[in-house]
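Using the working numbering, the first residue of the sequence shown is number 4, and each one after it goes up by one.
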Amino acid sequence: MAQSEKELTYRAFMNREYSFKHSPFEKEFEFYDCVKSGNIERVEQLMTPLDSRGIGILSEDPLRNLKYHFTITVALITRFCVEGGMEMEPAYTLSDLYILKADKCSTAEEIHALHKEAVLDFTSQMNKVARGSIYSKPIIMTMDYIYDHLHSKISEEEIAEYVSLSPSYLSRLFRSEVGVTVSTYIAVKRVETAQNMLKYSDYAPVDIGNYLAFNSHSHFISTFKKYTGMTPNEFRKKYYRSTWSMDRTKKSK
Numbered sequence: 004m005a006q007s008e009k010e011l012t013y014r015a016f017m018n019r020e021y022s023f024k025h026s027p028f029e030k031e032f033e034f035y036d037c038v039k040s041g042n043i044e045r046v047e048q049l050m051t052p053l054d055s056r057g058i059g060i061l062s063e064d065p066l067r068n069l070k071y072h073f074t075i076t077v078a079l080i081t082r083f084c085v086e087g088g089m090e091m092e093p094a095y096t097l098s099d100l101y102i103l104k105a106d107k108c109s110t111a112e113e114i115h116a117l118h119k120e121a122v123l124d125f126t127s128q129m130n131k132v133a134r135g136s137i138y139s140k141p142i143i144m145t146m147d148y149i150y151d152h153l154h155s156k157i158s159e160e161e162i163a164e165y166v167s168l169s170p171s172y173l174s175r176l177f178r179s180e181v182g183v184t185v186s187t188y189i190a191v192k193r194v195e196t197a198q199n200m201l202k203y204s205d206y207a208p209v210d211i212g213n214y215l216a217f218n219s220h221s222h223f224i225s226t227f228k229k230y231t232g233m234t235p236n237e238f239r240k241k242y243y244r245s246t247w248s249m250d251r252t253k254k255s256k
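Pasting the structure below:
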């Protein structure tokens, strides 16, 4: 018998011997579905602590085990929320921020508090989505296409072909449902992504502008300043998480 099979057999025996059971699928699915629908009251009823007996053991270190399960929970919630209509960029940005916070937690109590905060934050965001505009399928597909291609040149013609609409009809539909033009939406999403990269990465502004397919560095600066009121360098100086860089250096040693 392979080592991995022996390990699985041993764990199954221990789970039976000590009555460890994973959370019932139906209840777990209802929890994620309620987050997705923005049902805050029901989520608060269904939410269970990360150290409940059904979570399984992913690490023998209790704190690390909690962090692993926190990451899994946030990842699943993020996918449910995107499926429920939350835009991909805000959803994954929120996910990254909470996982970074969890990485810095030093006690189980901090993880538990962060878990509750993250669950209720995502649920509140989805509650706003549920009460706000419901986009049509072509518009959701357009938003997803833009998110997946922020690092390359994007034309309305290629998006229209992707969603099987004429460019003129897509342009009218997008402006009607979203309230801005396709080109403005692309620019805003590129600036939002640039903000995150300036905050959480060590890439130089010129490299970020190139990565996000701005026509030139001056174009990147002018567009960034138009939507944030600051140049990329000014934004970096104000919001760059130097402690994040230091933490990564320590972990690499």
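Glycine is no exception: its CB is placed at the ideal position from the N, C-alpha and C atoms.
What residues in its chain sit with their C-beta under 8 Å from that of residue i, if we drop five residues either side in the sequence?
{"i": "Leu53", "result": "Leu69, His72, Phe73, Thr76, Ile114, His115 and His118"}
{"i": "Val46", "result": "Phe34, Cys37, Val38, Val122, Leu123 and Thr126"}
{"i": "Lys104", "result": "Leu117"}
{"i": "Tyr242", "result": "Gln198, Leu201 and Lys202"}
Going by C-alpha to C-alpha distance, which of the options sits closest to residue i?
{"i": "Tyr214", "options": "Arg193, Pro141, Thr96 and Glu180", "result": "Arg193"}
{"i": "Val204", "options": "Asp99, Ile43 and Gly88", "result": "A quick correction: the sequence has Ser, not Val, at residue 204. Selected option, being the one with the closest Cα: Asp99."}
{"i": "Tyr230", "options": "Ser219, Thr187 and Arg45", "result": "Thr187"}
{"i": "Thr226", "options": "Gln198, Ser139, Tyr172 and Glu63", "result": "Gln198"}
{"i": "Leu173", "options": "Met200, Val183, Glu120 and Pro141", "result": "Pro141"}
{"i": "Asn218", "options": "Lys156, Glu164, Ile162 and Glu92", "result": "Lys156"}
{"i": "Ala111", "options": "His220, Lys240, Glu159 and Arg67", "result": "Arg67"}
{"i": "Lys202", "options": "Gln48, Lys240 and Ile149", "result": "Lys240"}
Would you identify the three-state DSSP class for residue i, choosing helix, strand or coil?
{"i": "His154", "result": "coil"}
{"i": "Ser174", "result": "helix"}
{"i": "Leu97", "result": "helix"}
{"i": "Pro52", "result": "coil"}
{"i": "Ile3", "result": "Given that the chain is displayed from residue 4 to residue 256, the structure contains no residue 3 and the question cannot be resolved."}
{"i": "Thr184", "result": "coil"}
{"i": "Ser221", "result": "helix"}
{"i": "Gly212", "result": "helix"}
{"i": "Thr234", "result": "coil"}
{"i": "Asn42", "result": "coil"}
Going along the chain, which residues of its own chain have a beta-carbon closer than 7 Å to the beta-carbon of residue i, five neighbours each way excluded?
{"i": "Thr246", "result": "Bear in mind that the predicted position of Thr246 carries a pLDDT of just 43, short of 50, making it unreliable; the figure below should be weighed with that in mind. Nothing listed; no residue qualifies."}
{"i": "Met200", "result": "Tyr206 and Ile211"}
{"i": "Val166", "result": "Pro141, Met144, Thr145 and Leu173"}
{"i": "Ser62", "result": "Asn68 and Tyr71"}
Looking only at its chain, what residues have a beta carbon closer than 6 Å to the beta carbon of residue i, apart from the 5 residues adjacent to it on each side?
{"i": "Cys108", "result": "Ile114"}
Given 8 Å, three or more beta-carbon pairs between the stretch 82-98 and the stretch 34-42: Contact between the stretch 82-98 and the stretch 34-42 is present: 3 or more CB-CB pairs across the two stretches fall below 8 Å.
Answer yes if the stretch 39-50 comes into contact with the stretch 121-135, meaning at least three C-beta pairs across the two stretches below 8 Å, and no otherwise. As far as the Cβ criterion goes, the stretch 121-135 touches the stretch 39-50, which means the pair count is three or higher.
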